[in-house]
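Scroll down for the structure; my scribbles are underneath it.
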Amino acid sequence: MTDPEPDKLFDRELSWIAFNGRVLQEAQDPNVPLFERLSFLSIVSSNLDEFFRVRVAALRTLLRLGKKRLKKLGVSPQKLLLDIHAAVHNQQEAFGQTLRGEVLPALAAHGVELLDEGQVPESAHDWLAEYFDREVAPRLLVLELEGDDGAPFLEDRRTYLAVTLWGRSGVMAEQPTTRVIRVPPELPRFVALGEKDDAAPEVAPGVSRTRKVMFIDDVIRFNLSRLFPDYLVDGAYAVKLSRDADLYLEDEFSGDLAVRIRKALAKRDTGLPSRFLYDPRTPYATVAKLKERLGLADEDLMVGGRYHGLSDLRAFPDLGMDEHKYDPLEPLRHPGLDGENLLERVEKGDHLLHLPYQSFEYVERFLTEAADDPAVEEIWASLYRVASDSVVARALIRGAKAGKAVTAVVEVQARFDEASNLAWADQMEAAGVRVIFTRLGLKMHAKLLLVGRREGSGLRRFAYIGTGNFNESTARFYTDLGLFTSRPYLSDEVRQVFSDLVSGEPSDAYEHLLVAPLGLRRGFEALVRREIAEAKAGRPARMILKMNSLEDPGMVSLLLEASDAGVDVDLIVRGICCLRTAGAGVGRLRVRSIVDRFLEHSRVYAFHHGGRQKVYLASADWMIRNLNRRVEVAVPVEDEALRDEVLSVLDLQLRDNVKARWIDRDQTNPRVTSSGPQVRSQMAHYEWLKARGTPAGSG
4 MTDPEPDKLF DRELSWIAFN GRVLQEAQDP NVPLFERLSF LSIVSSNLDE
54 FFRVRVAALR TLLRLGKKRL KKLGVSPQKL LLDIHAAVHN QQEAFGQTLR
104 GEVLPALAAH GVELLDEGQV PESAHDWLAE YFDREVAPRL LVLELEGDDG
154 APFLEDRRTY LAVTLWGRSG VMAEQPTTRV IRVPPELPRF VALGEKDDAA
204 PEVAPGVSRT RKVMFIDDVI RFNLSRLFPD YLVDGAYAVK LSRDADLYLE
254 DEFSGDLAVR IRKALAKRDT GLPSRFLYDP RTPYATVAKL KERLGLADED
304 LMVGGRYHGL SDLRAFPDLG MDEHKYDPLE PLRHPGLDGE NLLERVEKGD
354 HLLHLPYQSF EYVERFLTEA ADDPAVEEIW ASLYRVASDS VVARALIRGA
404 KAGKAVTAVV EVQARFDEAS NLAWADQMEA AGVRVIFTRL GLKMHAKLLL
454 VGRREGSGLR RFAYIGTGNF NESTARFYTD LGLFTSRPYL SDEVRQVFSD
504 LVSGEPSDAY EHLLVAPLGL RRGFEALVRR EIAEAKAGRP ARMILKMNSL
554 EDPGMVSLLL EASDAGVDVD LIVRGICCLR TAGAGVGRLR VRSIVDRFLE
604 HSRVYAFHHG GRQKVYLASA DWMIRNLNRR VEVAVPVEDE ALRDEVLSVL
654 DLQLRDNVKA RWIDRDQTNP RVTSSGPQVR SQMAHYEWLK ARGTPAGSG
């Protein structure tokens, strides 16, 4: 299969920035509750941090290695970096305007003031000085920029204040000195001020809480003259350094992968710089001094704002203003899984779980009931991102202690979750769980649980095959689908996947599941080509494909071929989309993206298939890494009623005209509009399920 022409592809990195722009659109939407707009701004900032730590750092590495002629879509790394910086600069400008020009004034209109150090009312001066002395000053780390002890080390993603100080001698020829202060990460980023006010409710004797809030940065600025009494303070400017987060496992160590990762994690925070953000008001001399002392290159420097690390906006104190948040949605009960033993329910038929609309408790019950069932002999689990307080991991430990043969395949290469996964692996192994780590170069990304229960002379297997991680934290706000099944031809193949993971050698011995790295691409290609053949024969041909990212050039080429052949194609892509469409919702190939209160995470692939409807739930996106370098699983939804259920969910998303955007040719994110009634697919999905069940909190 040939790759598409360059004009049919959109650059991956620029497409990711466009996705982050869709998140920013939610922060810009006045219909979104005020504190949720702050949360979306927080996500935009957090996303950019990770983007520079991973993607930009990788491009910078290419340049450092001298691979200047390596081209991507006909663009050199140098040119791509310039394009990235320009796009990010524009996004940061829009971010700042949204925060300063829209969200903060809206907060002020509701009586919440965000003050800087020059706006502190006199009634709060004493309180603020006491707070600084008690909570802040003991935690400050002050670094010398000048001196003979070498350059100061700036921690990854921490906010610092570069403070310009003059001696009090009055000698004009004297040069200023610079101190770099780390903003204490262990303290709340925002402080709700107290002040002397007898008329307001007290939070301490003589002290009332107000709706005045400050960044901890400004609390430090307010007290700098007390911190440096022998100097005149001439400004304090925020700076932040992002570092390359790659572990470089191939280069640094040999031996056991888990050991290599443990060693590499200790070095992650000392990676090479990938972005140095600084306040635009920082004097040129200070920037130059920082650049020289920290060993930065020109391309590391990026103008930011007065405040950095704005992922902390999600921690803005709500001050009891719940009316400015989303109304809570209680996870729903699943009418087919309540009541008797869950395994017995699954034995009677397949069941589909809709997360987060339905409770993740059913996944937990699947494992805890298996751990307590005397007839259960074996439990298998694939763990990609383990929650810090994992009920899933504890259930596996419980099963092992009950004498079951429990095996956990743990992915220790899951970026930024390596340490948590390793910690749980240690705990599980100590409790008797057999822990298997994947090998370098082949990540395990499949979402599989398997229980083997003795029934007569045989072993009956029960499987859960999902699109999302077994992580209680993310299950509250990621939308995912999961299939409970005891069909032998599916559960036996899930057992084969685990055998492959244990051996470390992928196989292609699957008739029903599509399994990467050997069979998933080929299976999807065959399904698409079947639709192409149907279209060429003049018969109906249609695909609805929902994924997080579309990046694989071969699959992009095949989709374009399908569209040209007459196949009707609807794509729902949350994030990266490297397919350059003809326009916003025009032609036979249309691409939407939905951004709302929950993170769209499910991967669903539906094919008309001659009217027989083939529907797959998958762990994989259509990216090179998913199709070629990971263990991924797509499961067919065999039950006709459940297929219709999945198709109904997809139909809701295709009718969304509130939170959907078109991914157009230049990825400008125009809203999907229609003249019909408003459809907000996530809320419609919840209400549709609610009509068939009862809220989780109602018994």
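As numbered in this note's numbering, residues 4 to 702 make up the sequence shown, in order.
C-beta atoms are modelled at their ideal positions from N, C-alpha and C, and glycine is treated no differently.
Exercise. Who are the near neighbours of residue 474 in its chain, counting only those whose CB is closer than 7 Å to its CB and skipping five residues on each side?
Worked result: One-based indexing of the sequence shown puts residue 474 at position 471. Answer for residue 474: 388, 389 and 390, listed in chain order.
For this session: Report the rounded CA-to-CA distance for residue 104 versus residue 27, giving the unit in angstroms.
Result: For the purposes of this step, residue 104 is taken as residue 101 along the sequence shown, with counting starting at 1. For the purposes of this step, residue 27 is taken as residue 24 along the sequence shown, with counting starting at 1. Taking the straight line joining both Cα atoms gives about 14 Å.
Problem set entry | Local Cβ density within 10 Å of residue 503, reported as buried at 16 or more and exposed below that | Along the sequence shown, read from residue 1 onward, the residue named residue 503 stands at position 500. Result: buried.
For this session: Can you tell me which of 617, 57 and 539 puts its alpha carbon nearest to the alpha carbon of residue 526?
Result: Taking the first residue of the sequence shown as 1, we reach residue 526 at position 523. Taking only the C-alpha atoms, the option nearest residue 526 is 617.
Exercise. When you compare only the Cα positions, how much space is there between residue 335 and residue 692?
Worked result: As a first step, residue 335 is located in the sequence shown; it is residue number 332 there, counting from the start. As a first step, residue 692 is located in the sequence shown; it is residue number 689 there, counting from the start. Distance between the alpha carbons of residue 335 and residue 692 is about 8 Å.
Problem set entry | For residue 289, three-class secondary structure by DSSP | Here residue 289 refers to the residue found at position 286 when the sequence shown is read from its first residue. It is helical.
Exercise. When burial is assigned at 16 or more other CB atoms within 10 Å of the CB, is residue 492 buried or exposed?
Worked result: Position 489 of the sequence shown, counted from the start, is the residue given in the question as residue 492. Exposed.
Problem set entry | Within 8 Å, strictly: CB atoms of residue 45 and residue 325 | Looking up residue 45 in the sequence shown gives position 42. Looking up residue 325 in the sequence shown gives position 322. Taking 8 Å as the Cβ cut-off, residue 45 and residue 325 do not qualify as a contacting pair.
Exercise. Relative to the C-alpha of residue 599, which residue among 18, 40, 6 and 11 is closest?
Worked result: For the purposes of this step, residue 599 is taken as residue 596 along the sequence shown, with counting starting at 1. Residue 40 is the option with its Cα nearest to residue 599.
For this session: Specify, as a first and last residue, the run of the alpha helix (DSSP H) that residue 83 falls within.
Result: As a position in the sequence shown, residue 83 is number 80, starting the count at 1. Start and end: 80-101.
For this session: Take residue 306 and list the residues in its own chain whose beta-carbon comes closer than 6 Å to its own, dropping the five residues that flank it on each side.
Result: Counting from one through the sequence shown, the residue named residue 306 turns up at place 303. In its chain, beyond the 5 residues on either side, 283 have a beta carbon closer than 6 Å to the beta carbon of residue 306.
Problem set entry | Within the stretch 372-447, ranges of the beta strand (DSSP E) (whole runs, at least 3 residues) | Listed in chain order, they are 379-386, 408-413 and 437-440.
Exercise. For the 8 Å Cβ check, are there 3 or more pairs between the stretch 399-409 and the stretch 426-446?
Worked result: yes
Problem set entry | Local Cβ density within 10 Å of residue 534, reported as buried at 16 or more and exposed below that | Taking the sequence shown and counting its residues from 1, one reaches residue 534 at position 531. Burial call: buried.
Exercise. Excluding sequence positions up to five away, which residues of its chain have a Cβ less than 7 Å from the Cβ of residue 18?
Worked result: In the sequence shown, counting from the first residue as 1, residue 18 sits at position 15. Hits under 7 Å: 579, 580, 581 and 670.
Exercise. What whole-angstrom Cβ distance do residue 214 and residue 116 have, given they're in contact under 8 Å?
Worked result: Along the sequence shown, one-based indexing puts residue 214 at 211. Along the sequence shown, one-based indexing puts residue 116 at 113. Indeed, because the Cβ distance is near 7 Å, the residues count as touching under 8 Å.
Problem set entry | Host beta strand (DSSP E) of residue 305 (start-end) | To locate residue 305, count along the sequence shown from 1; it is residue 302. Residue 305 -> beta strand (DSSP E) spans 304-306.
Problem set entry | Strand pairing of residue 580, partner residues [DSSP] | Taking the first residue of the sequence shown as 1, we reach residue 580 at position 577. Its beta-bridge partners are 553.
For this session: Would you check if there are 3 or more beta carbon pairs closer than 8 Å linking the stretch 342-359 to the stretch 133-142?
Result: no
Exercise. When DSSP labels each residue in this structure, what does residue 343 get in the three-state scheme?
Worked result: Indexing the sequence shown from 1 puts residue 343 at position 340. Here residue 343 sits in coil by DSSP.
Problem set entry | Enclosing beta strand (DSSP E) for residue 465 [first to last residue] | The residue you call residue 465 lines up with position 462 of the sequence shown. Judged by DSSP secondary structure, residue 465 falls within the beta strand (DSSP E) whose first and last residues are 461-469.
For this session: State the start and end residues of the unbroken beta strand (DSSP E) segment that holds residue 39.
Result: Translated into positions along the sequence shown, residue 39 becomes position 36. No beta strand (DSSP E) contains residue 39, which is instead part of the alpha helix (DSSP H) from 37-54.
Exercise. Which of the three DSSP states, helix, strand or coil, is assigned to residue 149?
Worked result: Within the sequence shown, numbered from 1, the residue matching residue 149 stands at position 146. DSSP places residue 149 in coil when its eight states are reduced to three.
Exercise. Taking the alpha carbon of residue 528 as the point to measure from, which residue in 641, 506 and 565 has its own alpha carbon closest?
Worked result: One-based indexing of the sequence shown puts residue 528 at position 525. Closest by alpha carbon: 565.
Exercise. In chain order, what residues of the same chain have a beta carbon less than 7 Å from the beta carbon of residue 233, not counting five sequence neighbours either side?
Worked result: Taking the first residue of the sequence shown as 1, we reach residue 233 at position 230. These residues qualify, in order along the chain: 171.
Exercise. What are the start and end residues of the beta strand (DSSP E) that includes residue 665?
Worked result: Position 662 of the sequence shown holds residue 665. Per DSSP, residue 665 belongs to the beta strand (DSSP E) from 663-665.
Problem set entry | Beta-carbon proximity check, residue 3 vs residue 149, cutoff 8 Å | Nothing about residue 3 can be reported from this structure: the residues present for the chain run from 4 to 702 only.
Exercise. How about residue 127 and residue 322: do their beta carbons lie closer than 8 Å?
Worked result: Walking along the sequence shown from the start, residue 127 turns up at place 124. Walking along the sequence shown from the start, residue 322 turns up at place 319. No, the Cβ-Cβ distance between residue 127 and residue 322 is not below 8 Å.
Exercise. Is it true that the CB of residue 146 sits closer than 8 Å to the CB of residue 183?
Worked result: Along the sequence shown, one-based indexing puts residue 183 at 180. Along the sequence shown, one-based indexing puts residue 146 at 143. It is a contact, given that the beta carbons lie within the stated cut-off.
Exercise. Going along the chain, which residues of its own chain have a beta-carbon closer than 7 Å to the beta-carbon of residue 676, five neighbours each way excluded?
Worked result: Reading the sequence shown from its first residue, position 673 is the one you call residue 676. Setting aside the 5 residues that flank it on each side, residue 676 is surrounded in the same chain by 660, each with a C-beta closer than 7 Å to its C-beta; the list follows chain order.
Problem set entry | Chain-order list of residues whose beta-carbon lies under 6 Å from that of residue 78 (same chain, five-residue window excluded) | Counting from one through the sequence shown, the residue named residue 78 turns up at place 75. Within the same chain, residue 78 has no close Cβ partners at all.
Exercise. Roughly how far, in whole angstroms, is the beta-carbon of residue 546 from the beta-carbon of residue 570, given that I think they are within contact range, below 8 Å?
Worked result: Along the sequence shown, one-based indexing puts residue 546 at 543. Along the sequence shown, one-based indexing puts residue 570 at 567. Confirmed, about 6 Å.
Exercise. From residue 25 to residue 459, what distance separates their C-alpha atoms?
Worked result: As a working note, residue 25 is residue 22 in the sequence shown. As a working note, residue 459 is residue 456 in the sequence shown. One C-alpha to the other measures close to 55 Å.
Exercise. Do residue 640 and residue 620 have their CB atoms nearer than 8 Å?
Worked result: Your numbering for residue 640 matches position 637 in the sequence shown. Your numbering for residue 620 matches position 617 in the sequence shown. A contact, by the Cβ cut-off of 8 Å.
Exercise. Using a Cβ-Cβ cut-off of 7 Å (strictly less than) and excluding sequence neighbours within five positions of residue 192, which residues of its own chain qualify?
Worked result: On the sequence shown, position 189 is the one that residue 192 refers to. These residues qualify, in order along the chain: 218, 219, 315 and 318.
Problem set entry | Same chain only: Cβ atoms within 6 Å of residue 510, ignoring 5 sequence neighbours per side | Walking along the sequence shown from the start, residue 510 turns up at place 507. Around residue 510: 503.
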